[in-house]
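Its first residue numbered 0, the sequence shown is counted upward by one per residue in numbering that gives the first Met the number 0.
Ideal placement from N, C-alpha and C gives every residue a C-beta, glycine not left out.
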Amino acid sequence: MPELFHAKAGILEDKDGDRLVFNGSINETPSGWFRNWESFHVFTSWQTPDPVKAEETSFYQLWAEPGG
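Encoded structure:
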């Protein structure tokens, strides 16, 4: 894994099992919102299940790696 990991990612699940996953590079700073070129992707299990599964796999693999 690179020394500096800048991506942000997360998985949210509600009581019904619906999931929302996100990933991106955006910083929660004025520069991040107004000056930088950033990306942010959001997928929902009820609209786009395949990208949700792919993001979940990537997320869990990252955390399973030593140092992750």
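Any contact of the stretch 13-29 with the stretch 39-49, i.e. 3+ C-beta pairs under 8 angstroms?
yes
Roughly how many angstroms separate the alpha carbons of Lys14 and Ser44, rounded to a whole number?
13 angstroms
Along the chain, where does the alpha helix (DSSP H) that runs through Thr56 open and close?
Pro48 to Ala63
Spell out the partners DSSP gives Phe43 in its beta bridges.
The sequence as given places Thr at residue 43; Phe does not occur at that position. Answer is Leu19, bridged to Thr43.
Go to Glu12, then tell me how far its beta strand (DSSP E) extends in each direction, as first and last residue.
Lys7 to Glu12
In terms of residue numbering, what span does the alpha helix (DSSP H) encompassing Trp32 cover?
Pro29 to Phe33
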